[in-house]
């Protein structure tokens, strides 16, 4: 029995004009204010990309170390002091490295202004003795005997018997290498499973390393200091109290002279919100503009056509009379 599709004939819908029919509801809808509020508040908001941009995920106000308290515990204070001491040692090492690089070698001296003037006045001409010594050295070099060229001994031609033996040895060596290669291939075929396992482990390790590198890259982009200005960023140096200056009460604590505004400024520079200020003056660009005048073909054609339409102006008779009188006077 073959199944056939049954066609359903729809009834003719009432014909209406799309432009003349009024679609506004005749009955007032309930809760219109609530519906409008719901649609306004719950619709999908298109956020601007700039509002989503985060220059840094560092906290705006970093919590101080426990060892920086006016009455810290011994362990916290020692850890905090060790951290500050390591930072100071790094700065001292950098300063020493710069001094060693700028220091002169033994026997060298810096030329003073007077010495520079004397060298400029005297010049840098070499003495006659030096010239003679140079000439003598050249003559000695020319007089030296050239090394004898040692001729390589020529090999004697091989006989047919020797050539056959050499070919047999080469053939045996090639066969030995081929057998060794086949044995290696057979051994690798036997350890296919272990090779596949090693490949899977390497791929897994590669994927983990890739994820870790991407995570570090994103974290570095969100936490690292960016070069926003021409100045060099200097981190805020936190105050350190010596063991003698520690006091059990807050009233007896001496002020370290730190400024809250400078700390806030360093924090904003560290979070890439402000550019680091530099002492160098910005370069002033020369605003030299050159004006270029060009005659376009369209404008010239238009002007010529307009000038052709204008009536031709003939010179006045009064001017011609003056010219004739002047010419007659010159001839006389």
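In full-length UniProt numbering, the protein residues as written are 1 to 332.
Heads up, the beta-carbon is just placed ideally off N, CA and C, and yes, glycines get one too.
These numbers were taken from a predicted model, which means no experiment stands behind them.
Rounded C-alpha distance that separates residue 239 from residue 259: 11 Å
Would the beta-carbon of residue 55 fall within 7 Å of that of residue 220? For the pair residue 55 and residue 220, the CB atoms are not nearer than the 7 Å cut-off.
Anyone know if the C-beta pair for residue 276 and residue 284 falls short of 7 Å? no
Which of the three DSSP states, helix, strand or coil, is assigned to residue 287? coil
Report yes if the C-beta distance between residue 57 and residue 222 is below 7 Å; otherwise report no. With contacts defined by Cβ atoms closer than 7 Å, residue 57 and residue 222 form a contacting pair.
Note down the Cα distance separating residue 203 from residue 195, rounded to an integer number of angstroms. Rounded to the nearest angstrom, the gap between the Cα atoms of residue 203 and residue 195 is 12 Å.
If distances are taken between C-alpha atoms only, which option among 245, 265 and 264 comes closest to residue 256? 245
Does the Cβ-Cβ distance between residue 67 and residue 77 come in under 7 Å? yes
Taking the Cβ atom as the reference point for each residue, do residue 233 and residue 226 lie within a distance shorter than 7 Å? no
Given a cut-off of 7 Å, decide if residue 106 and residue 248 are closer than it, judged by their beta-carbon atoms. no
Beta-carbon spacing of residue 230, residue 278 below 7 Å: yes
If you reduce the DSSP assignment to three classes, tell me which class residue 190 lands in. helix
Environment of residue 80 [buried if 16+ CB atoms lie within 10 Å]: buried
What three-state label does DSSP hand residue 122 in the structure shown? helix
Within this structure, are the beta carbons of residue 236 and residue 266 separated by less than 7 Å? yes
Quick check on the burial criterion: 16 or more other C-beta atoms within 10 angstroms. Buried or exposed for residue 241? Around the beta-carbon of residue 241, 16 or more other beta-carbon atoms lie within 10 Å, marking it buried.
Skipping 5 residues on each side, what residues in its chain have a beta carbon closer than 7 Å to that of residue 250? 70
What did DSSP end up calling residue 107 once you bin it into helix, strand or coil? The answer is coil: DSSP assigns residue 107 none of H, G, I, E or B.
Give the DSSP-derived three-state secondary structure of residue 97 in the structure shown. helix
Starting from residue 302, trace the alpha helix (DSSP H) both ways and give me its first and last residue. 297–309
Please state whether DSSP places residue 219 in a helix, a strand or coil. In the three-state scheme derived from DSSP, where H, G and I count as helix and E and B as strand, residue 219 is classed as helix.
For the ligand MN, is there any heavy atom lying closer than 6 Å to the beta carbon of residue 103? Ligands in the displayed structure: none, and consequently the ligand MN is not present.
Mind checking which residues open and close the alpha helix (DSSP H) that includes residue 230? Note, residue 230: premise wrong, no alpha helix (DSSP H); not H, not E.
Simplified DSSP assignment, three categories, for residue 278: Coil.
To the nearest angstrom, how far is the alpha carbon of residue 101 from that of residue 88? 20 Å
For the alpha helix (DSSP H) that residue 360 lies in, which residues bound it at each end? In the structure as shown, the chain begins at 1 and stops at 332. Residue 360 is therefore absent and cannot be evaluated.
Report the CB separation of residue 98 from residue 104 in whole angstroms; it is logged as a contact under 8 Å. Rounded, the Cβ-Cβ distance is 14 Å, inconsistent with contact.
Neighbourhood of residue 254 by C-beta distance below 7 Å, restricted to the same chain and skipping five residues each side: Cβ within range, chain order: 245.
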